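First the structure, in the form of structure tokens, and then the observations on it.
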Amino acid sequence: MEKVKKTSLADGKMIKRAIKDSFIKLSPMTEAKNPVMFLVYVSAILTTGLFVLSLVGIQDAPAGFIFGVAIILWFTVLFANFAEAIAEGRGKAQADALRASKKDVTAHKIPSITKKEKVEDVKSAFLKKGELVIVKAGEQIPADGEVIEGAASVDESAITGESAPVIREAGGDRSAVTGGTTVLSDWIVVRVTSEAGESFLDKMIAMVEGASRKKTPNEIALEIFLIALTIIFILVTVSLYAYSLFCADQAGIENPTSITSLIALLVCLAPTTIGALLSAIGIAGMSRLNEANVLAMSGRAIEAAGDVDTLLLDKTGTITLGNRQASEFIPVDGHTVLEVADAAQLSSLPDETPEGRSIVILAKDEFGIRGRDLEDLEMEFIPFTAKTRMSGVNAKGMEIRKGAAEAIKKYVEAGGGIFSKECEDVVKRIAGKGGTPLVVAKNHLVIGVIYLKDIIKSGVKEKFADLRKMGIKTVMITGDNPMTAAAIAAEAGVDDFLAQATPEGKLDMIRELQRKGHLVAMTGDGTNDAPALAQADVAVAMNTGTQAAKEAGNMVDLDSSPTKLIDIVRIGKQLLMTRGSLTTFSIANDLAKYFAIIPALFMGVYPGLAALNIMDLHSAQSAIFSAIIYNALIIIALIPLALKGVKYREVSAGKLLRRNLLVYGAGGIVAPFLCIKVIDMLIVALGFLV
Numbered sequence: 132m133e134k135v136k137k138t139s140l141a142d143g144k145m146i147k148r149a150i151k152d153s154f155i156k157l158s159p160m161t162e163a164k165n166p167v168m169f170l171v172y173v174s175a176i177l178t179t180g181l182f183v184l185s186l187v188g189i190q191d192a193p194a195g196f197i198f199g200v201a202i203i204l205w206f207t208v209l210f211a212n213f214a215e216a217i218a219e220g221r222g223k224a225q226a227d228a229l230r231a232s233k234k235d236v237t238a239h240k241i242p243s244i245t246k247k248e249k250v251e252d253v254k255s256a257f258l259k260k261g262e263l264v265i266v267k268a269g270e271q272i273p274a275d276g277e278v279i280e281g282a283a284s285v286d287e288s289a290i291t292g293e294s295a296p297v298i299r300e301a302g303g304d305r306s307a308v309t310g311g312t313t314v315l316s317d318w319i320v321v322r323v324t325s326e327a328g329e330s331f332l333d334k335m336i337a338m339v340e341g342a343s344r345k346k347t348p349n350e351i352a353l354e355i356f357l358i359a360l361t362i363i364f365i366l367v368t369v370s371l372y373a374y375s376l377f378c379a380d381q382a383g384i385e386n387p388t389s390i391t392s393l394i395a396l397l398v399c400l401a402p403t404t405i406g407a408l409l410s411a412i413g414i415a416g417m418s419r420l421n422e423a424n425v426l427a428m429s430g431r432a433i434e435a436a437g438d439v440d441t442l443l444l445d446k447t448g449t450i451t452l453g454n455r456q457a458s459e460f461i462p463v464d465g466h467t468v469l470e471v472a473d474a475a476q477l478s479s480l481p482d483e484t485p486e487g488r489s490i491v492i493l494a495k496d497e498f499g500i501r502g503r504d505l506e507d508l509e510m511e512f513i514p515f516t517a518k519t520r521m522s523g524v525n526a527k528g529m530e531i532r533k534g535a536a537e538a539i540k541k542y543v544e545a546g547g548g549i550f551s552k553e554c555e556d557v558v559k560r561i562a563g564k565g566g567t568p569l570v571v572a573k574n575h576l577v578i579g580v581i582y583l584k585d586i587i588k589s590g591v592k593e594k595f596a597d598l599r600k601m602g603i604k605t606v607m608i609t610g611d612n613p614m615t616a617a618a619i620a621a622e623a624g625v626d627d628f629l630a631q632a633t634p635e636g637k638l639d640m641i642r643e644l645q646r647k648g649h650l651v652a653m654t655g656d657g658t659n660d661a662p663a664l665a666q667a668d669v670a671v672a673m674n675t676g677t678q679a680a681k682e683a684g685n686m687v688d689l690d691s692s693p694t695k696l697i698d699i700v701r702i703g704k705q706l707l708m709t710r711g712s713l714t715t716f717s718i719a720n721d722l723a724k725y726f727a728i729i730p731a732l733f734m735g736v737y738p739g740l741a742a743l744n745i746m747d748l749h750s751a752q753s754a755i756f757s758a759i760i761y762n763a764l765i766i767i768a769l770i771p772l773a774l775k776g777v778k779y780r781e782v783s784a785g786k787l788l789r790r791n792l793l794v795y796g797a798g799g800i801v802a803p804f805l806c807i808k809v810i811d812m813l814i815v816a817l818g819f820l821v
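Residue numbers (the numbering used here): 132 to 821.
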């Protein structure tokens, strides 16, 4: 198993497989799945039949002309098949890498937690949901599951690509484990949460391979629109042929417009460009998401990400680094800053939390406090508990405590001391800045306050500004009090915040936003996040999270990075931008080809139309050849854009629409005129038409 890697379009093996698949897809049942290209497929068959008839004397047009049209139409079908096959090939290459390293390991099944000694060795493929297995250091976890006992260091590089091991333990939001990862130390008891063949890895293989991909509502709607356009062009073409017969009869001349020419005209006018690339765009979007190490449960989830206009983001780990750092010691009531630093460091020596370590380091760096003889002080460390909300140390004639302001106030007043107004003012000032105040007391007297600061991640303010340009509102979710939350929200540049967040509060906020017509995305990893994840339009569950969270979400982030939500929205928007841009280009192409071909085609009936032959095409036959050659080649030319996606731009929907109309709309009109003229000149110069 390997992290899903980016695959190159220039991969020779992939291109060979795509060429082979292009011919396999010529099956009528396969072609019928794409109505627009099925029209081209039927047209290729009809012109082939007309060519055969021309060989036996039943000529609709010169045999060479019919043969040329038939060949180009077959190439058009093959090019469309190739576009889809190369997109699928990227997924198959990813799936092959995952499948090649998927191993059926031996699992140590146990009957219960209390009977861990009764081990039964079975193949992992035979494990069933709900069964228990024990996994020890050096062994591979045999199936997806949840840790119900023990704690261990786990190497998840096979899934995430990250070499640093992670801790997985029973309880909490870090209990989920994935089959195929390796336990590096200690042991864990795992309850299997998936049946054989339905593991996380199996789902990932199916998704990247495209086996589980279904057409999304937007794709279906666009396909219906393209079918409607195609039907209109069929009626137009039939009407043109009937009108041509009538006009030729009135003029007393033979009808110069052949059935072959009108079939070619129909193919040129039908929206074949987007019809050929539509499936490839969707598959490529799924592939880009997989390359970002995110597994989407459906293509609909990716599209929804592109339409999202509100992001709910956890403060910790997303907006802030997650580890508060001591930034200042503030003395009160006549005490010195050195006293505060000394007492704060002494009480933090046994504290292995990031906050505790930062207090020790700040005292050492700013005041050179180091090298204590702890044995002489006969120190007794008091650990932090949720009940007391403070920690500290007892030593010879000294009692130091540090903790939340309310907790220290009770502690000081219980010992006969006074919690001064000066200290209260300092606490309020720190909270107002978005920091966390820790009050330090010595022998039941307040001596100062430690300023713990939430460090805003570098660049997040700029990211939120970019999202705002796109019309996306950001909402910070935090358990902090409203004053602290407001300060951090202002510093980070988010649009709104939900303070003292509870599972019910998150759910109510999502429902309220949805009632107002917003599409909401959020991330989560805990069981308490499951209701909100289930309600959100785009719900990204962390791979390290609980099973309940993963089942409630419609995407799973293998890297378990809360900031991934922003990347997912970008990928979704890029998918929609690509589809919209190429649809605009395709329809503009059709309009241009119509005005390029019709004058040349009907000059034989109405010589006055020569004035509209602005490209000065050589003849009706050269016009048809040039147009269908361009029609085929433009599909191949646009495959890289369909797979890579149009360049993502952080601008509003209005600006994006104007830009697309200018670039892809105007480009779609100009390109056919230029290219068809060049092809016409080459055809005449090479003597293909007389």
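Cβ coordinates follow ideal geometry from the N, Cα and C atoms, glycine included. Note that the structure is a prediction, hence the values are computed from the model and not measured.
What number of angstroms, rounded off, separates the C-alpha of residue i from the C-alpha of residue j?
i: L706; j: G437; result: 7 Å
i: Q271; j: S522; result: 40 Å
i: A427; j: L315; result: 29 Å
i: P166; j: G406; result: 8 Å
i: A731; j: Y795; result: 26 Å
i: T138; j: I814; result: Since pLDDT at T138 reaches only 48, below the 50 mark, its modelled position is unreliable, and no value is offered.
i: A307; j: E329; result: 16 Å
i: Q476; j: S418; result: 51 Å
i: F756; j: K594; result: 50 Å
i: A526; j: A474; result: 11 Å
i: A218; j: I146; result: 10 Å
i: L664; j: L805; result: 51 Å
i: G711; j: E486; result: 49 Å
i: I766; j: V250; result: 59 Å
i: R148; j: G703; result: 28 Å
Under a three-way DSSP split, which group does residue i fall into?
i: T161; result: helix
i: E840; result: With the chain covering 132 to 821 only, the question about residue 840 has no answer from this structure.
i: S316; result: strand
i: Q456; result: strand
i: E133; result: Residue placement at E133 is poorly supported in this model, since its pLDDT is 43, which falls under 50; the coordinates still yield a value, given next. Of the three classes helix, strand and coil, the one that applies to E133 here is coil, per DSSP.
i: A667; result: coil
i: R789; result: helix
i: G655; result: strand
i: I586; result: coil
i: G563; result: helix
i: M521; result: strand
i: I189; result: coil
In terms of residue numbering, what span does the alpha helix (DSSP H) encompassing residue i cover?
i: N349; result: P348 to A382
i: F804; result: A797 to A816
i: N421; result: T403 to E422
i: V183; result: P166 to L186
i: D721; result: K695 to L732
i: T441; result: Taken as a continuous stretch (DSSP letters only), T441 belongs to no alpha helix (DSSP H), being part of the beta strand (DSSP E) at T441 to D445.
i: A432; result: G430 to D438
i: S392; result: I390 to L400
i: F154; result: G143 to I155
Would you kindly report the start and end of the unbroken beta strand (DSSP E) that includes residue i?
i: T615; result: No beta strand (DSSP E) holds T615; the alpha helix (DSSP H) holding it covers P613 to A623.
i: N685; result: Segment: none, N685 is in no beta strand (DSSP E) and carries neither H nor E.
i: F628; result: D627 to L629
i: K604; result: K604 to I608
i: L480; result: Segment: none, L480 is in no beta strand (DSSP E) and carries neither H nor E.
i: A513; result: In the sequence as displayed, the identity of residue 513 is Ile instead of Ala. Element bounds for I513: E511 to I513.
Since residue i sits in a beta bridge, which residues does DSSP pair it with?
i: P462; result: G579
i: E277; result: A307 and R322
i: L769; result: In DSSP, L769 forms no bridge with anything.
i: Q271; result: T313
i: K573; result: I531 and L576
i: E300; result: A282
i: K592; result: The partner list for K592 (beta bridge, DSSP) is empty, contrary to what the question assumes.
i: H239; result: D252
i: L426; result: V687
Rounded to the nearest angstrom, how far is the Cβ of residue i from that of residue j, given a contact under 8 Å?
i: L598; j: L442; result: 7 Å
i: K240; j: E262; result: 6 Å
i: I412; j: L713; result: 7 Å
i: I699; j: M708; result: With a Cβ gap of about 15 Å, I699 and M708 do not count as contacting.
Is residue i close to chain D? Criterion is C-beta to C-beta, closer than 9 Å.
i: G610; result: You won't find chain D in this structure, because it holds only one protein chain.
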